[in-house]
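One structure is given here, and the rest of the page talks about it.
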Amino acid sequence: MDRRSSYQQIDHSPESEGEDEERNINRDETPLDSGVIIHVVPENEKTRWNHIEDLDSFFSTMYHYHQKHGFACMMLQEILELGQFIFAISFSVFLFHCIDYSILFKDRISANTGKTSISDAILPIKECLASMGLVTWISIAVASIFWLLRLVKVLYHFVQYWNIKSFFNVALKISDNDLDNWTWHEVQKRIIEVQKEEEMCVQKKELTELDFYHRILRYKNYLVAMINKSLLPIRLNIPLFGDIIFMTQGLKYNLELLLFWGPWSPFKNNWHLKEDYKKLNERRALGRSLSKYILWIGIANFVLCPLILLWQILYSFFNYGELLKNEPEALGTRKWSLYGKLYLRHFNELDHELDARLKRAYRPASKYMNMFTSPLVTVVAKNIAFIFGSIFAVFLVLTLYDEDVLTVEHVLMIMTVSGSVAAICRSLVPDENLVWRPESLLTAVLAHTHYRPDSWQGQAHKQTTRTQVAQLFQYRAVYLLEELLSPLITPYILCFHLRPKALDIVDFYRNFTIELAGVGDVCSFAQMDVRKHGNPMWQTLPQNIFHKASARPKSSDIKTGSINEEIPLYFHKYTQAEDGKTELSLIHFTLTNPEWKPSIEADNFLVALRERAEREATAVQSKNNPLHACLSSMTSLGPEYQDIVSNILKSQISNKASMQAVYQPARLTSHTSFNEQNLSSTSGNTLIRRNVSRAEGPLHIGERGLLYNLQKAISGSHRSFNTSAFGSGRQKMHTTQQTAPPELTAVDMSLSTLYLHEIHHKKILMLSQLKTANENLRQRNSLQNLTALPKTGQERAPLLSHSDSSLRSTTR
C-alpha cells in the first residue's frame, strides 16, 4: 500500500481524532500557544541571560560557535565571504567586458610595437562601462542587493556572536583559546548547570540533553523523518538511467524555505507550529494553500534561473578550476551525497557526530565501489590513456629539449588537455591487486553508517546494490553536474513533483508533531519512542507479542478502531520508522549522552538488548548466535576492532579475562562542584585532551554500552573494564582519572549496530521460515483433502476450481 494512502488512513481514524483533541487540551494549558513567552522576574534577580525567548537560535548559535572555534574565526570567515562575493562578481564583469581578447590572442596587433603585455589587452574604464549591456547591469543590481542583505546579516551575526562569546567567557568560564579542549558534551553539561542559576528557560527548571538536541535539530529531525518515510526526496525517472534521487543544495534551500523558516512555512515561529496544521478539518485548505505557495516559489526559481545558473557556473569555475588543472583525477573520487547525509543521519544527531561517522566509512565505501568495474570501460580507458599519455609525453620531451616549443600556439592547451584526459582515464582502471570481498566491505560500511535496506543483506555482490550505494556515495563529478543543473531542474521539481505532495506534507505535520513543555512543537520521531515509532522486527520482544505485531493491519480495522484489540497501537506499520531508525537513534543518543534518562519503554529496550548480549556472550559459539556473528564480522574493520574482538573471544574461551588495565569511568555527579568539572585545568589533562571539540559524546565509557556490559558479563567483574587495546602505542591506563580515547564510543556504536542488524536479520529469516512452513502445511492439508475424495473426484481434481466442476461430476 502506498504510504500516501497510509497517512490519509491515520487522519480519519478515531485514534487520530482523539489525539487531536488531546493535543488541543494540552495546548490550552501551556503558554506556548500564544507564541510569546512572558515571564516576570524581580529586578534583583535579573541577569543578562535570564529568560531567553528564542532558545532555538541561542543554542544553535552556541553549538556553531563551539564547532567553528570561536568569535574571531566565525567573524573572519563571514567577512572574507563578503569580500569573496565582491571579487567573484567584479572579476567576472572584468573578464567579460574589460579585456580585449583580440590583442590578448594576438589576432590584432596593439599600438605598442614592442612586446605585448597584459596592460595592452585591458580596456580603459570608459570603454569597459560602455560595453556593458542591460543584462549585465541587472545582474550587478541583483548581486548588489544580495550583498547588502548579506552585509546586514553579518552585522546581526556580529552582535549575536559577541553575546555568545560573553556567555562562554562569563557564564561558562570557557575562553575562546580553550574551546578546542572542550567537547560539546562537556559544554552541554555546563549549560545545564548554568540553567539552574540563570533560568534561561523559564518553563523548566532543569534542562535535559534531549532538550538541547530538540532545539538545535528541530527542523533537521523533521527533514530526516520525511526522508525516512519516503515523503522526500524527489525521485525522477530518466530514460536510460532509471530512477534518479535528486537532492541538491539549491533544492534543499527551497524545501527549508517552504517547510520551516519561510514566511509561508507551517511554523508560526522557530518553536511553534501553526494551529491550523494540528486540526484535521483544515487539512484540505492547508494542502491547497501549501500547493499554491510551492507553485509561486517554483515560478520565482524559474524567473531567477538565468542568474542562479550563471552564478553556479562562475562559482564552480573559480572554486574547482585550479583543482581540475592540477588534479583532474579528483573528479573520479567520491563523496557522500546530500541525500546520503540525510538518509544516514540519526534522529537527534549533531553535524560533527554525523561527519565523524561518514569520515570513518569513507575508506571502506571507496574500496567497495572500486571493486565494481566494467571490463568494457577498463579496455577503453586503458587505450585512451595510452594515446593521450603518449601525446603528453612527446610534448613534454620537446619542451625539455627546447623551451621555445611552449611559444607555439595551443601547445600548452594540448599538453593540459592530454594530461588531464590520461589522468582521468587511469583513474577508471581498477587496481590489479584489488581483492574481491564485497560482503565484508559492505559490512564495514554498515558498521559506520549504521543503515542499509534489507535488500542489501547477502546481495553485496550485485550491481543493483552497488547502484543504490552510489546514490549515497556519488562521484564528485556527478555532484558538480547536479549542482550546475539544479537551477534548471529545481523549478520543474517544485511545480510538478512537490506540489502533488502538499496534502501529504500537511498530514505528516499533524500526525507526527507533539508539543513538549519548555521546548515547543517537535517531530514525534525525535522522541525516539520505541513504543510508538519502534519496529518489533528490530526489538527483543516476547514471542506472542511479536507474532501479533508482525501482522499487517487492514484499512477497515484502522477506521473502526478494532485494531487495538489485536495489535497494539505502537506496532502500526504507518507510525513505524523505517530501517530501525528509532532503535538505532536511541542507542546512539544514549552512548553520546550517557547521563540522559530515557523513558521507561526506551530503558526497557536498552536493558533487554544488553541482557541478551550478555547471555549470548557467555553461550557456546554457534552460527545461530547473533553476537558471535557480529563479532566475526567486526574483525575486518581495523586493528582497533580486531583487538576488542580478540579480547572478548579469548575471554569467552577461558571465561577468565586477565585484567591488564583497569578503567573506571570518571562520573560527574550532581555533588561535584562546578570548578571540579573543569577537566582541562591541569597541564597533563590538557595535553591528553587537546583538540577534542569534534569528539562524539563523552571521553569516558558509559555503562549503557555493549562493550562495558560484555566485558562485565565475561569477566564476572562489575567494576572493571579492559581497555588495554586502546591508547597510543597500546599503552595501559592505570589511573581512574584518565579519560579513554574518543574512539571507544564509535567502536561501541559499531558493535551495537552490527548486533542489532544481526537480530533483525534473524527475525526476517524466522518469519520467512514460518511463512514457508505455513505454506507447506496448507499444501499438505489440501493434498490430504484430495486423497479423501472419491475416485471420480480424484480424476477431476484439476477442475475443482472451475465453476461448473460439481455439475459435471454429478452428471457423469
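FYI, in this note's numbering the residues of the sequence shown are 198 to 1009. Note that the Cβ used here is the ideal one computed from N, Cα and C, for glycine as well. Just so we're clear, the structure is a prediction, and the values are computed from it rather than from any experiment.
CB of residue i within 8 Å of CB of residue j, strictly
| i | j | result |
| --- | --- | --- |
| arginine 531 | arginine 673 | yes |
| serine 624 | glutamate 526 | yes |
| leucine 824 | tyrosine 952 | yes |
| glutamate 780 | glutamine 724 | no |
| glycine 537 | leucine 669 | yes |
| valine 727 | glutamate 798 | yes |
| leucine 974 | valine 944 | no |
| glycine 495 | proline 688 | yes |
| leucine 643 | arginine 649 | yes |
| glutamate 955 | cysteine 827 | yes |
| isoleucine 286 | alanine 327 | no |
| phenylalanine 268 | tryptophan 381 | no |
| leucine 414 | asparagine 545 | yes |
| leucine 407 | tryptophan 793 | yes |
| glutamate 511 | serine 289 | Looking at the sequence itself, residue 511 is leucine, so the reference to glutamate does not match. A contact, by the Cβ cut-off of 8 Å. |
| leucine 907 | alanine 814 | yes |
| isoleucine 283 | isoleucine 319 | no |
| tyrosine 565 | valine 666 | yes |
| valine 351 | leucine 279 | yes |
| isoleucine 361 | methionine 272 | no |
| histidine 543 | histidine 785 | yes |
| methionine 612 | phenylalanine 589 | yes |
| threonine 662 | glutamine 656 | yes |
| leucine 433 | isoleucine 441 | yes |
| leucine 806 | serine 947 | no |
Element boundaries [alpha helix (DSSP H), containing residue i]
| i | result |
| --- | --- |
| aspartate 297 | Segment: none, aspartate 297 is in no alpha helix (DSSP H) and carries neither H nor E. |
| cysteine 827 | 823 to 830 |
| threonine 333 | 331 to 363 |
| arginine 560 | 548 to 568 |
| glycine 267 | First-last for glycine 267: undefined, no H or E at that position. |
| leucine 595 | 572 to 598 |
| lysine 417 | 415 to 425 |
| serine 782 | 778 to 789 |
| tryptophan 381 | 381 to 395 |
| leucine 638 | 635 to 646 |
| glutamate 808 | 797 to 815 |
| lysine 323 | 322 to 327 |
Segment limits, beta strand (DSSP E) that includes residue i
| i | result |
| --- | --- |
| arginine 531 | 531 to 533 |
| phenylalanine 544 | No beta strand (DSSP E) contains phenylalanine 544, which DSSP labels as neither H nor E. |
| leucine 433 | 431 to 435 |
| isoleucine 442 | 439 to 443 |
| asparagine 478 | Segment: none, asparagine 478 is in no beta strand (DSSP E) and carries neither H nor E. |
| lysine 465 | 464 to 466 |
Buried or exposed by the 16-neighbour rule on C-beta atoms within 10 Å, applied to residue i
| i | result |
| --- | --- |
| aspartate 253 | buried |
| alanine 338 | exposed |
| asparagine 919 | For asparagine 919, the pLDDT reaches just 45, beneath the cut-off of 50, and the residue's location in the model is therefore unreliable, although a value from the coordinates is still provided. Flag for asparagine 919 reads buried. |
| glutamate 600 | exposed |
| glycine 731 | buried |
| phenylalanine 583 | exposed |
| valine 591 | exposed |
| threonine 646 | buried |
| arginine 557 | buried |
| serine 683 | buried |
| serine 949 | buried |
| methionine 734 | buried |
| glutamine 874 | With a pLDDT of 38 at glutamine 874, under the threshold of 50, the predicted position of this residue should be treated as unreliable, though the coordinate-derived value follows. So glutamine 874 counts as exposed. |
| glycine 717 | buried |
| leucine 638 | buried |
| valine 576 | exposed |
| glutamine 385 | buried |
| lysine 960 | buried |
| cysteine 720 | buried |
| threonine 933 | Low local confidence applies: a pLDDT of 34 at threonine 933 is under 50, so the model's placement there is unreliable, and no value is given. |
Taking one C-beta from the region 502 to 522 and one from the region 422 to 433 each time, how about it: are there three or more such pairs within less than 8 Å?
no
Mind the definition here: the region 700 to 710 touches the region 565 to 583 only if three or more C-beta pairs lie below 8 Å; say whether that holds.
no
Which ranges does the alpha helix (DSSP H) cover as unbroken runs of at least 4 residues, wholly within the region 655 to 728, from first to last along the chain?
660 to 669, 673 to 690 and 699 to 708
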